[in-house]
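S.K.: Just so you know, the sequence shown maps onto residues 1477 to 1830 in this note's numbering.
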Amino acid sequence: MSPTLHLPGLVDVHTHLRVPGGEHKEDFASGTAAALAGGFTQILAMPNTSPPLATRDVLQATRAIASQTTRCDVGLYAGASPQHVVELPALAAQAVALKIYLNDTFGPLRVEDLPTLHACFRLWPRGKMIAMHAEGQSVAVGIGLAAAYRRPVHFCHISRRDEIELIAAAKQAGLTVTCEVTPHHLFLTDADAARLGPLGDMRPRLAAQDDQDALWAHVDTTVDCIATDHAPHTLEEKASPNPPPGVAGLETALPLMLTAVQQGRLSLDRLVELMALNPRRIFGLPTQPATFVEVDPHARATVANDRLHTRCGWTPFAGLAVQGLVRRVTLRGQVVFDADRPEALARPGAGQLI
Ligand code: NCD
Ligand code: ZN
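1) Let's test the definition: count the other Cβ atoms within 10 Å of the Cβ of Gln-1688 and tell me whether it reaches 16, buried, or not, exposed.
2) What are the start and end residues of the alpha helix (DSSP H) that includes Asp-1638?
3) Using the three-state DSSP reduction, which class does Leu-1535 fall into: helix, strand or coil?
4) Could you check if Thr-1763 is buried or exposed, using at least 16 other CB atoms within 10 Å of its CB as the buried criterion?
5) Using a Cβ-based criterion (distance less than 7 Å to any ligand heavy atom), does Asp-1668 qualify as near the ligand NCD?
6) According to DSSP, is Ile-1576 part of a helix, a strand, or is it coil?
7) Taking C-beta to C-beta, are Leu-1567 and Leu-1535 nearer than 8 Å?
8) Looking at Met-1733 and the ligand ZN, is the gap between the Cβ and the nearest heavy atom below 7 Å?
9) Under the criterion of a Cβ to heavy atom distance below 7 Å, does Pro-1694 qualify as lining the ligand ZN?
10) Check each candidate in Thr-1592, Ala-1569, Asp-1580 and Ser-1543 and name the one with the smallest Cα separation from Ala-1417.
11) Does Leu-1807 come out as helix, strand or coil in the three-state DSSP assignment?
12) List the whole-angstrom C-beta distance separating Asp-1782 from Thr-1480, where the pair is believed to meet the contact cut-off of C-beta under 8 Å.
13) Relative to the alpha-carbon of Arg-1679, which residue among Arg-1746, Asp-1705 and His-1594 has its alpha-carbon at the smallest distance?
14) Is the closest heavy atom of the ligand HEM to the C-beta of Met-1522 under 7 Å?
15) Please classify Asp-1745 as buried or exposed, where buried requires at least 16 neighbouring CB atoms within 10 angstroms.
16) Between Thr-1697 and the rest of its own chain, which residues show a CB-CB distance below 8 Å, the 5 nearest in sequence each way excluded?
17) Please find out if some non-hydrogen atom of the ligand ZN comes closer than 7 Å to the beta-carbon of His-1862.
18) In angstroms with no decimal places, state the Cα-to-Cα distance between Pro-1601 and Ala-1571.
19) Ignore the nearest five residues each way along the sequence and tell me which others in His-1694's own chain have a CB closer than 7 Å to its CB.
20) Alpha carbon to alpha carbon, how far is Val-1657 from Leu-1750?
21) For Ala-1622 versus Leu-1651, is the C-beta distance shorter than 8 Å?
22) Only counting runs of 4 or more residues, tell me where the alpha helix (DSSP H) segments fall wholly within the region 1748–1785, in order along the chain.
23) To the nearest angstrom, how far is the alpha carbon of Gly-1603 from that of Ser-1716?
24) Between the C-alpha atoms of Ala-1670 and Glu-1819, what's the straight-line distance to the nearest angstrom?
25) What whole-angstrom Cβ distance do Arg-1741 and Ala-1683 have, given they're in contact under 8 Å?
26) When DSSP labels each residue in this structure, what does Leu-1682 get in the three-state scheme?
27) In the DSSP assignment, find the unbroken alpha helix (DSSP H) run with Gln-1738 in it and report its ends.
28) Using only the alpha-carbon positions, how far apart do Ala-1607 and Ile-1576 sit?
29) Taking just the CA atoms, how far does Leu-1512 sit from Gly-1620?
30) If you drop the 5 nearest sequence neighbours on each side, which residues of the same chain put their C-beta closer than 8 Å to that of Pro-1628?
31) Please classify Val-1562 as buried or exposed, where buried requires at least 16 neighbouring CB atoms within 10 angstroms.
32) Would you tell me roughly how many angstroms separate the C-alpha atoms of Trp-1845 and Ser-1743, rounded to the nearest one?
33) Between Asp-1705 and the ligand ZN, is the CB less than 7 Å from at least one heavy atom?
34) Looking at the strands, I want to know which residues DSSP matches up with Val-1802.
35) Which residue's Cα is closest to the Cα of Pro-1833: Leu-1730, Asp-1668 and Gly-1827?
36) Run through DSSP, which three-state label would Ala-1556 get?
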């Protein structure tokens, strides 16, 4: 028997739960089961749903569904949309943060004009985070806005050497920018994309080995958070002529990162900062008393699709050997996941809406 390790409940600031409109891929009950199985007790759900979380009515209706069906604590992003900027102050009352999509990805939410960007930065409350999907030179646009408006901006799934180096320079210059990287960009490259086909396609796309090396080189310094970008799509959709980008990630993030700790790529303390302390602090999320994750850091397993809780039922990491497994998760003093007792899983509605 190897010793059990206690970690704080993990926080994922980038999860796609697909409500409303994509419940066949995931919903609050299935997605938060996956979250708990992965050691996450608090997650932020993305707004690129159908319709998107860009109007007061949709956000309100989705909050109502979330509060009835979530198994862990969940907050919602509002989505920035040129058609609905006037709603931003009303949206802010119901959302944890604002998401602005500057680059192409799954769904129609996009901001491609400067007037809308100005409106977002003027109308969104200063105390709440603005998170950006920015790739390539869009990262510079986001940094420029952070500087011009003197306010924090968080960059989602940074994946390229030139992007992480630009964020390092912005931090060096004193700007309040933060960033996340995903496990898939830390563990897979464009060589895997060629092997996996649509199952290895997401936005930002998998990058070159040199980009991945840069992310690891900045993992102790510039990188603030590990975020999953859990973006489930069905195998059927992935096999279609026009497969949507995105891969599941909630249940593999911690085993992968614990494996990296075993390999000496980062310390366990740094893992806890990246996956719990920093995300909570950056997004101003509530603490969760009597909440922790028990992991067996030495347990070995091969990632398998048939053990997943996510409704999509597959992961690009299937077949990969990992070392470090979640044994049990306790939320506010209650066991909400136990690897040996499926019946211990928290019921839908047991989680709190942030
Ligand atoms: C995400 C999705 O499927 O919602 N897809 C992805 O490839 N990452 C969208 C996103 O996060 O940009
Ligand atoms: Zn995403």
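Glycine included, every Cβ here is placed at the ideal spot set by N, Cα and C.
M.R.: Looking at the coordinates:
1) buried
2) 1637–1648
3) helix
4) exposed
5) no
6) strand
7) yes
8) no
9) Sequence inspection shows His at residue 1694; the Pro mentioned does not correspond to that position. No, since every heavy atom of the ligand ZN falls outside the 7 Å radius drawn around the Cβ of His-1694.
10) No statement about residue 1417 is possible, as the shown extent of the chain runs from 1477 to 1830 and does not include it.
11) strand
12) Wrong, their Cβ atoms sit about 25 Å apart, outside the cutoff.
13) Asp-1705
14) For the ligand HEM, the structure offers nothing, since it holds only the ligand NCD and the ligand ZN.
15) exposed
16) Ala-1644
17) Residue 1862 lies beyond the stretch modelled for the chain, which goes from 1477 to 1830, so this question has no answer here.
18) 11 Å
19) Ile-1640 and Ala-1644
20) 10 Å
21) yes
22) 1754–1758
23) 42 Å
24) 39 Å
25) Incorrect: roughly 17 Å between the Cβ atoms, too far for contact.
26) coil
27) 1729–1738
28) 6 Å
29) 37 Å
30) Met-1605, Ile-1606, Ala-1622, Thr-1652, Val-1653, Thr-1654 and Ile-1758
31) exposed
32) As displayed, the chain neither begins before 1477 nor continues past 1830, which places residue 1845 out of reach and without an answer.
33) yes
34) Val-1771
35) No information on residue 1833 is available, as it lies outside the stretch 1477 to 1830 that the chain covers here.
36) coil
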